[in-house]
Amino acid sequence: MQVSSLNEVKIYSLSAGRSLPEWLSDRKKRALQKKDVDIRRRIELIQDFEMPTVSTKIKVSRDGQYIMAVGTYKPRVRCFDTYQLSQKFERCLDSEVVTFEILSDDYSKIVFLQCGRFVEFHSQHGHYYKTRIPKFGRDFSYHYPSCDLYFVGASSEVYRLNLEQGRFLNSLQTEASESNVCDINPVHFLFALGTAEGKVECWDPRTRNRVGLLDCALSSVTADTEIEGLPSISALKFDGALNMAVGTSTGQVLLYDLRSSNPLIVKDHHYGLPIKSIQFHHQLDLIISADSRIIKMWNKDTGKIFTSMEPEHDINDVCLYPNSGMLMTANEAPKMNIYYIPVLGPAPKWCSFLDNLTEELEENPESTVYDDYKFVTRKDLENLGLAHLIGSSLLRAYMHGFFMDIRLYHKAKMMANPFAYEEYRREKIRQKIEETRAQRVQLKKLPKVNKELALKLIEEEGEEQHFSKKRKQKNLPSLLKDDRFKVMFENPDFQVDEQSEEFRLLNPLVSKISEKRKRKLKILEELEAQGQEEEEEPEGKASDAESSESSDDEKGWVEEVRKQRKLLRQEEKLKRQERLKEDQQTLLKPQFFEIKEGEEFRSFKDSAKKQKLMKKTLEDRLKLEEKLGTLNVSDTTVGSKQATFKLKKSEQQRKQQEAEKRHRQERKTLRRPASHLKSRRGRGRLFH
Numbered sequence: 001m002q003v004s005s006l007n008e009v010k011i012y013s014l015s016a017g018r019s020l021p022e023w024l025s026d027r028k029k030r031a032l033q034k035k036d037v038d039i040r041r042r043i044e045l046i047q048d049f050e051m052p053t054v055s056t057k058i059k060v061s062r063d064g065q066y067i068m069a070v071g072t073y074k075p076r077v078r079c080f081d082t083y084q085l086s087q088k089f090e091r092c093l094d095s096e097v098v099t100f101e102i103l104s105d106d107y108s109k110i111v112f113l114q115c116g117r118f119v120e121f122h123s124q125h126g127h128y129y130k131t132r133i134p135k136f137g138r139d140f141s142y143h144y145p146s147c148d149l150y151f152v153g154a155s156s157e158v159y160r161l162n163l164e165q166g167r168f169l170n171s172l173q174t175e176a177s178e179s180n181v182c183d184i185n186p187v188h189f190l191f192a193l194g195t196a197e198g199k200v201e202c203w204d205p206r207t208r209n210r211v212g213l214l215d216c217a218l219s220s221v222t223a224d225t226e227i228e229g230l231p232s233i234s235a236l237k238f239d240g241a242l243n244m245a246v247g248t249s250t251g252q253v254l255l256y257d258l259r260s261s262n263p264l265i266v267k268d269h270h271y272g273l274p275i276k277s278i279q280f281h282h283q284l285d286l287i288i289s290a291d292s293r294i295i296k297m298w299n300k301d302t303g304k305i306f307t308s309m310e311p312e313h314d315i316n317d318v319c320l321y322p323n324s325g326m327l328m329t330a331n332e333a334p335k336m337n338i339y340y341i342p343v344l345g346p347a348p349k350w351c352s353f354l355d356n357l358t359e360e361l362e363e364n365p366e367s368t369v370y371d372d373y374k375f376v377t378r379k380d381l382e383n384l385g386l387a388h389l390i391g392s393s394l395l396r397a398y399m400h401g402f403f404m405d406i407r408l409y410h411k412a413k414m415m416a417n418p419f420a421y422e423e424y425r426r427e428k429i430r431q432k433i434e435e436t437r438a439q440r441v442q443l444k445k446l447p448k449v450n451k452e453l454a455l456k457l458i459e460e461e462g463e464e465q466h467f468s469k470k471r472k473q474k475n476l477p478s479l480l481k482d483d484r485f486k487v488m489f490e491n492p493d494f495q496v497d498e499q500s501e502e503f504r505l506l507n508p509l510v511s512k513i514s515e516k517r518k519r520k521l522k523i524l525e526e527l528e529a530q531g532q533e534e535e536e537e538p539e540g541k542a543s544d545a546e547s548s549e550s551s552d553d554e555k556g557w558v559e560e561v562r563k564q565r566k567l568l569r570q571e572e573k574l575k576r577q578e579r580l581k582e583d584q585q586t587l588l589k590p591q592f593f594e595i596k597e598g599e600e601f602r603s604f605k606d607s608a609k610k611q612k613l614m615k616k617t618l619e620d621r622l623k624l625e626e627k628l629g630t631l632n633v634s635d636t637t638v639g640s641k642q643a644t645f646k647l648k649k650s651e652q653q654r655k656q657q658e659a660e661k662r663h664r665q666e667r668k669t670l671r672r673p674a675s676h677l678k679s680r681r682g683r684g685r686l687f688h
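Set out below in structure tokens:
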């Protein structure tokens, strides 16, 4: 994988390196990979992503799963499945493909415009239908609302083929002698075509009338451009509802607002080659324009160059993978190039490992040497004594300097500066001194709040850095530089209270450690008050004190822990005695409680009994209930135990039951005299 950088934009070429012939066996390929380092280190993102000789067009399906490319020789189309990272199928054609379009979301509906005036339709299984147009075609567009194909080419007419009816419709008659490109706006479906005379005609497909005409050839001529011949339109692309980009055969790109006949900006490639492709990148407001030699990315508002790429072979087509930073090109070479630019966007989901790979490469930056060449300026050549080589084959002019062989550069530098080792040694000594200075405590970094804690963190950070350098480990982020803990050293509410019980329990050795910190802090405050820089003598004294006291701490840390615990127990005992004295001095006042209606007051002993009962275990409570007769535990035939409970009645239920019992007795007493009189009356009638 080759890495290049322009304007601080990293570009990773994923197809760099030599490709192996198809006729080689797997055994020979493995043997070559063992011998050749370049073959072993190359990245083959998609297997066999190439054409036999030349690739002319490349496109991505709308679902993003399939990449289709056409090329020669023999004329063929290849479909690559990104989910499998390999080729799905290959179909050979009768003649070369001028351009093609994917009508469906996947590869099931494809239209090919061939150079022999043929229009070939393919379905999922393969070839479906083939027809012919009257004149040689150069480009076509598909109008989705009416299912019409618009063909432009070596004629003044625009041929329309309706795919729903399966027949040709009336052609559109233009003023141009020939048309090169065409495009349909995806928002309001305005049809635009670029002519050989350098004009753009806009047509309304609903009324089949021309609604606008732009003279791009006249607008492309500016004071800074030099044009030979009449510019014709070679590329055309819509962006949204109102913007349109036009590329000319002389290497200019014009950005238009459809409401104005004057271009918003004119960008010149300065190569005089026809513009082959125009793409829009909406996240960064970029336009990606390409001719056969260079791919330029520039801001569509200011025209400022963002970055550029110059492939080894001529470019035929450029395809930007949707919603990602991946760019693919069809070239005048068997291999199709794949570029990954992390600034444009993330890697596609089918090759998400590229993000981790590029992050690892950025963490370990290396000196950039382009193809074993060293870039030098004219001043560098004069310092090396090689200014007389300007104009020879040993120097290749590039931008504001020259490329020269890296071996020649090293030899010339060794002869021009024989004391390079002494300079290297002095530089290393200077770096060591800077490292020791960086480890010192800087007065300006001490905050107003929690100064002792900040001093402790700075010292611990220095020790960790020294330890990590020895172990070759990564340094952890500093707590003082973290924005999440910034308030802890600014707000006085976060001041650490060293006299609190929690602090003393969590830090049993804080007394001796704090003494050393306070000593250092006192020295720093004195220096800060005097406005002087920190000297080395106090540091030496502090370090000696630390070394002597650290040994004492290791010997007597047990005694210090015991002493702290003893002090805490004494303080707790004093606090209890003070609370007891306060309780004795306070006068107890009588309190009155109101009993709820329907309840009787017995004594405070019942609540005390309930509390004692709740503190007992379940086994003790069951034994007590069994003694009182409210619980009956018996063994069953199976071997288990059965417990029967008798619920205690509350006072209210007991009173209610007593009232019902009295009521029943009163009713019985009232019914007895009535029945007695009735029996006496009956007897009197019988004897009468």
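The sequence shown: position 413 = 413 (the UniProt record's numbering), numbered continuously.
Think of the CB as a built atom: it goes at the ideal place given N, C-alpha and C, for glycine as much as any other residue.
Source: prediction; values computed, not measured.
So the alpha helix (DSSP H) His281 belongs to, where does it begin and stop?
Not the alpha helix (DSSP H): His281 falls in the beta strand (DSSP E), residues 275 to 281.
In three-state DSSP terms, what is Leu6?
Leu6: strand per DSSP, three-state reduction.
Would you tell me roughly how many angstroms separate the C-alpha atoms of Gly247 and Asp291, rounded to the nearest one?
Between Gly247 and Asp291, the C-alpha separation is close to 9 angstroms.
Near Ala192, what residues of its chain come up, given a Cβ to Cβ distance below 8 angstroms and the 5 sequence neighbours on each side ignored?
The residues are Cys182, Asp183, Ile184, Asn185, Val200, Glu201, Cys202, Trp203, Leu236, Phe238, Met244.
Note the first and the last residue of the continuous alpha helix (DSSP H) segment covering Tyr409.
In this chain, the alpha helix (DSSP H) harbouring Tyr409 covers 406 to 416.
Strand pairing of Glu101, partner residues [DSSP]
Paired residues: Val111.
So, for Ser4: in the same chain, excluding its five sequence neighbours on each side, which residues have a beta-carbon less than 6 angstroms away from its beta-carbon?
Ile11.
Quick one: give me the first and last residue of the beta strand (DSSP E) that Cys147 is part of.
Segment: none, Cys147 is in no beta strand (DSSP E) and carries neither H nor E.
Have a look at Leu622, Arg664, Tyr409, Gln653 and flag the residue whose alpha-carbon is nearest the alpha-carbon of Phe645.
For Phe645, the closest alpha carbon among the candidates Leu622, Arg664, Tyr409, Gln653 is that of Leu622.
Suppose the cutoff is 6 angstroms on Cβ atoms and the five residues either side in sequence are ignored; what does the same chain contact list for Leu161 look like?
Contacts found: Leu149, Phe168.
Taking a contact to mean a Cβ-Cβ separation below 9 angstroms, would you say Cys115 touches Val97 in this structure?
Using a Cβ distance threshold of 9 angstroms, Cys115 and Val97 count as a contacting pair.
What are the boundary residues of the beta strand (DSSP E) that includes Lys130?
In the DSSP assignment, Lys130 falls within the unbroken beta strand (DSSP E) covering 127 to 132.
For Ile265 and Leu286, I'd like the C-alpha separation in whole angstroms.
Going from the Cα of Ile265 to the Cα of Leu286 covers about 13 angstroms.
Reduced DSSP secondary structure (H/G/I, E/B, other) of Arg117
In the three-state reduction of the DSSP assignment, Arg117 falls in the coil class, being assigned neither a helical nor a strand state.
Bounding residues of the alpha helix (DSSP H) (the contiguous stretch that carries Leu169):
Counting along the chain, Leu169 falls outside any alpha helix (DSSP H), though it belongs to the beta strand (DSSP E) covering 167 to 173.
With distances taken Cα to Cα, identify the nearest neighbour of Ser308 among Arg208, Lys296, Lys300, Leu613.
Nearest of Arg208, Lys296, Lys300, Leu613 to Ser308, Cα basis: Lys296.
Would you check if the distance between the CB atom of Glu50 and the CB atom of Met326 is smaller than 9 angstroms?
Contact flag unset, no.
Using 8 angstroms as the cut-off, can you tell me whether the region 400 to 407 makes contact with the region 416 to 435, which would need three or more C-beta pairs spanning the two stretches below that distance?
No, because fewer than three Cβ pairs between the region 400 to 407 and the region 416 to 435 fall closer than 8 angstroms, the two stretches do not touch.
Return the CA-CA distance between Arg430 and Asn417, expressed in angstroms with no decimal places.
Cα-Cα distance, rounded: 20 angstroms.
Does DSSP put Asp48 in a helix, a strand or coil?
Correct three-state label for Asp48: coil.
In angstroms with no decimal places, state the Cα-to-Cα distance between Glu362 and Lys411.
Cα to Cα, the separation comes out at about 30 angstroms.
Given this structure, state the Cα-to-Cα distance separating His313 from Pro75, to the nearest angstrom.
Going by the C-alpha atoms only, they are around 20 angstroms apart.
Excluding five sequence neighbours on each side, which residues of the same chain lie with their C-beta closer than 6 angstroms to the C-beta of Ala154?
Around Ala154: Lys135, Phe136, Glu178.
Less than 9 angstroms between the C-beta atoms of Lys267 and Leu255, yes or no?
Yes, Cβ-Cβ distance for Lys267 and Leu255 is below 9 angstroms.
Other residues of its chain near residue 695: CB distance less than 6 angstroms, five sequence neighbours each side excluded:
Absent from the model: residue 695. The displayed extent of the chain is 1 to 688, so no value can be given.
Helix, strand or coil at Arg76 [DSSP, three-state]
The answer is strand: DSSP assigns Arg76 an E or B state.
Own chain residues within Cβ distance below 6 angstroms of Asn7, not counting five before or after:
In its chain, beyond the 5 residues on either side, Thr307 have a beta carbon closer than 6 angstroms to the beta carbon of Asn7.
When the Cα of Ala217 is compared with those of His188, Val253, Phe189, which residue comes out closest?
Residue Val253 is the option with its Cα nearest to Ala217.
Go through its chain and collect everything with a Cβ distance to Gly682's Cβ below 7 angstroms, but skip five positions before and after it.
With a pLDDT of 48 at Gly682, under the threshold of 50, the modelled position of this residue cannot be trusted; read the value that follows with caution. Result list for Gly682: empty, nothing under 7 angstroms.
On the criterion of 16 or more Cβ atoms from any shown chain inside 10 Å, does His122 qualify as buried, or is it exposed?
Classified as buried, His122 has 16 or more neighbouring CB atoms from the shown chains inside 10 Å of its CB.
May I ask which residues mark the beginning and end of the beta strand (DSSP E) holding Ser634?
Residues 631 to 635.
If you drop the 5 nearest sequence neighbours on each side, which residues of the same chain put their C-beta closer than 6 angstroms to that of Ala387?
Excluding sequence neighbours, Ala387 sits near Leu381.
So what does DSSP say about Met399, is it helix, strand or coil?
Three-state result, Met399: coil.
Jot down the residue ranges of each uninterrupted alpha helix (DSSP H) in the region 180 to 208, minimum 4 residues, whole runs only, in chain order.
Annotation note: the region 180 to 208 contains no uninterrupted alpha helix (DSSP H) run of length 4 or greater.
Residues near Leu395 in its chain [Cβ-Cβ closer than 6 angstroms; skip 5 each side]:
So the list reads Leu389, Phe402, Met404, once near-sequence residues are dropped.
Determine whether the beta carbon atoms of Thr82 and Gly64 lie at a separation below 9 angstroms.
In this structure, Gly64 lies closer than 9 angstroms to Thr82 by Cβ.
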